[in-house]
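Trainee: Residue numbers (our numbering), protein chains in the order written: chain A, 142 to 476; chain B, 142 to 476.
One structure, pasted below without further comment.
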């Protein structure tokens, strides 16, 4: 069953206090700001100072709750859809719940809403929305809060200028519930090609490499990517992937009012647009002033599309991206 | 909707090559093996040498596939349900897929099955089985492989004898599909009380504490638990939790042929048995010769219950546990 009567009720976003311009980054890295403009095109991104992933996620969630005129008491499940957890144990969703209970006005006893994480790297938001929509459809949960919050700046390889001028930190949140109108998820698809698992990776941070290896092997604890190989893999996979997404439901790209892509890089999005024949005005781009905010990137671009009134209720939109794994993921929804 | 026509088709298990006895651990820690026997009761556990979490998970998965007379080509989604990822990026499920493609006999082109992680710490298996069952029920996926694989030994606090004599490494896997008989998930429930988020934690390993903090703060990179406070919280929450699980479906504990608990510790399971009035022969205990294998603990105990013929098709069983978060989770199923 592809169709799910699930509605995105409201969204929220949080950007760290510290804004970092291309000029500032150029000074730090001793490179030209024009190189950054030309190569990554990210002129502004935000890096955390004292913010944690769960704190950013909770602020984004609070914004979504306020927009929907809801409180935490109206939510019956919290999903954290990050690429990287805040800490090894417990899951980040429990830490988001903890922050939210402090942020929200007191509601008597804290509600023990289930809280767990879903991780498909940069596609975590699509994977979470896709998966949890079936639980909304079945009536298991009435209203779910999905939070994506990532901090790329902590594991940046500062010697790789292509990669470190691309990323930013931040969070976005969405509240979903059963739709009582035409708003719905119309199709969704996820494919993982693990032959590309090493094309984008951070080897540390899990149970394979202990932090005590850091002095001898600092490269294991930073994000490493093979940009060219990823482009090649994406180019090869995406056209067929989009066809497999659209075919069962009879859509074509021209049926999409707006495409909300993972903001991998401006270059990757240009490639995407050209290859999939997406009109320029139908592609939501926020990478130039947000950077690639990892798993927060897709919900953040969705939030911006809603805020800037580039999508309206009733519009058919496509969420689309690739992620480390290597995975491709997409969802067609009527907003 | 509580009832889902979902069947656990087969299970598998992997224990690391290196067996560690209470005597060996006593020698290493310079404590008495009798203290370990009395305090943790774990006489045997296994620690990885060269095994990774994805490798262990793939071997357990292969065992489940063989038992079900299936191959990877019969699976259309892979979920990794660990407490801790193998590495920060990508998700562990992609790495399990990669291993499985090498282990399984060649099947032509690798199948790009979606692969992502679900994390509810020690309750990850219940959370994954619970969540994905709705996608099986709805026909989104036909057959899902759920793998839980954790390596506790890498982040053990060797100065905390109570904690470090408890844990073991290992993996377990289960294959689920739409049921064509009475096998089903009858009820499930998950509650997170984030006021207890700090009772069991490992602060490092995520985007909050960089490994470069390790020399100055080694305690941030080991698992810390407040055993007594966790017991108190579990004691307070569990009776009401089980009531909230059973009430909507009209069950009592005496309807359960077998209870498969998270193997937190032998002491915790004695408490559970007493408090919830579970007959001794109805509680599946494997902690004494496996240790607490974190998220792998519940599916591993389920696998052992099946292998030892303590549960048969048609039996009503209860999976039950608590996890860092603090969370309680449970599921009633007809096996």
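Beta carbons are placed, not taken as given, at the ideal position from N, Cα and C, and that holds for glycine.
Using C-beta distances below 6 Å, list every residue in its chain close to residue 197 (chain A), excluding the 5 sequence neighbours before and after it, in chain order.
Mentor: These residues qualify, in order along the chain: 155, 290, 312.
Trainee: I want to see whether chain A comes within less than 9 Å of residue 349 (chain B), judged by CB atoms only; does it?
Mentor: yes
Trainee: Decide if residue 262 (chain B) is buried, meaning its Cβ has at least 16 other Cβ atoms within 10 Å, or exposed.
Mentor: With 16 or more other Cβ atoms from the protein chains shown falling within 10 Å of its own Cβ, residue 262 (chain B) counts as buried.
Trainee: Find the residues of chain A that neighbour residue 284 (chain B), judging by a C-beta separation of less than 8 Å, and give them in chain order.
Mentor: The premise fails here: residue 284 (chain B) is roughly 16 Å from chain A at the closest Cβ pair, so nothing lies under 8 Å.
Trainee: Pick from B:406, B:151, B:228, B:331: whose alpha carbon is nearest that of residue 381 (chain B)?
Mentor: With distances taken between Cα atoms, residue 381 (chain B) lies closest to B:331.
Trainee: Could you tell me whether the Cβ of residue 291 (chain B) comes closer than 9 Å to any Cβ of chain A?
Mentor: yes
Trainee: For residue 401 (chain A) and residue 474 (chain A), what's the separation of their Cα atoms in angstroms?
Mentor: 11 Å
Trainee: By the criterion of Cβ-Cβ separation under 8 Å, what are the contact partners of residue 343 (chain A) in chain B?
Mentor: 228, 229, 230
Trainee: Assign residue 271 (chain B) to buried or exposed, taking buried as 16 or more other Cβ atoms, counted over all protein chains shown, within 10 Å of its Cβ.
Mentor: Buried, by the Cβ-count rule.
Trainee: Leaving aside the five residues before and after residue 147 (chain B) along the sequence, list all residues of the same chain whose C-beta is less than 7 Å from its C-beta, in chain order.
Mentor: Same-chain partners within the cutoff: 274, 277, 278, 317, 319, 320, 325, 326.
Trainee: Can you tell me whether residue 408 (chain B) is helix, strand or coil according to DSSP?
Mentor: helix
Trainee: Please go through the same chain and pick out, in chain order, the residues whose beta-carbon is closer than 6 Å to the beta-carbon of residue 424 (chain B), but skip the five residues on each side of it.
Mentor: Non-local C-beta neighbours of residue 424 (chain B) in its own chain, meaning closer than 6 Å and more than five positions away in sequence, comprise 400, 414, ordered along the chain.
Trainee: Look at the Cβ atom of residue 212 (chain B), then the Cβ atom of residue 245 (chain B), and state whether they are nearer than 9 Å.
Mentor: yes
Trainee: Please report the residue range of the alpha helix (DSSP H) in which residue 189 (chain A) lies.
Mentor: No alpha helix (DSSP H) holds residue 189 (chain A); DSSP gives it neither H nor E.
Trainee: Taking only the alpha-carbon atoms, compute the straight-line gap between residue 163 (chain A) and residue 459 (chain A) and give it to the nearest angstrom.
Mentor: 30 Å
Trainee: Give me the Cα-Cα distance between residue 483 (chain A) and residue 227 (chain B), rounded to the nearest whole angstrom.
Mentor: With chain A running from 142 to 476 in the structure shown, residue 483 (chain A) is simply not present.
Trainee: Give me the chain B residues within the contact set of residue 500 (chain A), using Cβ-Cβ distance strictly less than 8 Å, ordered along the chain.
Mentor: What is shown of chain A runs 142 to 476, which leaves residue 500 (chain A) out entirely.
Trainee: Taking 9 Å as the threshold (beta carbon to beta carbon), is residue 352 (chain B) in contact with chain A?
Mentor: yes
Trainee: Determine, using beta carbons only, whether residue 258 (chain B) comes closer than 9 Å to chain A.
Mentor: yes
Trainee: With contact counted as at least three CB pairs below 8 Å, one residue from each stretch, are the region 345–364 of chain A and the region 347–358 of chain B in contact?
Mentor: yes
Trainee: Report buried or exposed for residue 421 (chain A), applying the criterion of at least 16 other Cβ atoms within 10 angstroms of its Cβ.
Mentor: exposed
Trainee: Taking Cβ-Cβ distances below 8 Å as the criterion, which residues of the region 386–403 of chain B are in contact with chain A?
Mentor: none
Trainee: Quick one: residues in its chain with C-beta nearer than 7 Å to the C-beta of residue 396 (chain A), no 5 flanking neighbours on either side, listed in chain order?
Mentor: 457
Trainee: Tell me the rounded alpha-carbon separation between residue 349 (chain B) and residue 292 (chain A).
Mentor: One alpha carbon belongs to residue 349 (chain B), the other to residue 292 (chain A), and they sit about 8 Å apart.
Trainee: Along chain A, in chain order, which residues have C-beta atoms closer than 7 Å to that of residue 295 (chain B)?
Mentor: 348, 351
Trainee: Which ranges does the alpha helix (DSSP H) cover as unbroken runs of at least 4 residues, wholly within the region 161–203 of chain B, from first to last along the chain?
Mentor: 163–170, 174–180
Trainee: Name, please, each residue of chain B whose Cβ falls closer than 7 Å to the Cβ of residue 262 (chain A).
Mentor: 230, 231, 232
Trainee: Residue 333 (chain B): which of B:384, B:463, B:157 sits nearest, CA to CA?
Mentor: Here the closest residue by C-alpha is B:463.
Trainee: Whose C-beta lies closer than 7 Å to the C-beta of residue 225 (chain B) among residues of the same chain, with five residues either side of it excluded?
Mentor: 291, 346
Trainee: Taking Cβ-Cβ distances shorter than 7 Å, what residues in chain B pair up with residue 187 (chain A)?
Mentor: The premise fails here: residue 187 (chain A) is roughly 14 Å from chain B at the closest Cβ pair, so nothing lies under 7 Å.
Trainee: Given that residue 412 (chain A) touches chain B, what residues does it touch there, using C-beta distances under 9 Å?
Mentor: Correct list: empty, because the minimum Cβ distance to chain B is about 20 Å.
Trainee: Quick check on residue 386 (chain A): does DSSP put it in helix, strand or coil?
Mentor: In this structure, residue 386 (chain A) counts as helix in the three-state DSSP scheme.
Trainee: Looking only at C-alpha atoms, which of A:160, A:195, A:433 sits nearest to residue 344 (chain B)?
Mentor: A:195
Trainee: So the candidates are A:443, A:418, A:374; which of them puts its Cα closest to the Cα of residue 467 (chain A)?
Mentor: A:374
Trainee: Tell me the residue span of the beta strand (DSSP E) that contains residue 289 (chain A).
Mentor: Bounds of the beta strand (DSSP E) holding residue 289 (chain A) are 284–291.
Trainee: Report the option in A:221, A:243, A:417, A:242 whose CA atom is closest to the CA atom of residue 234 (chain A).
Mentor: A:221
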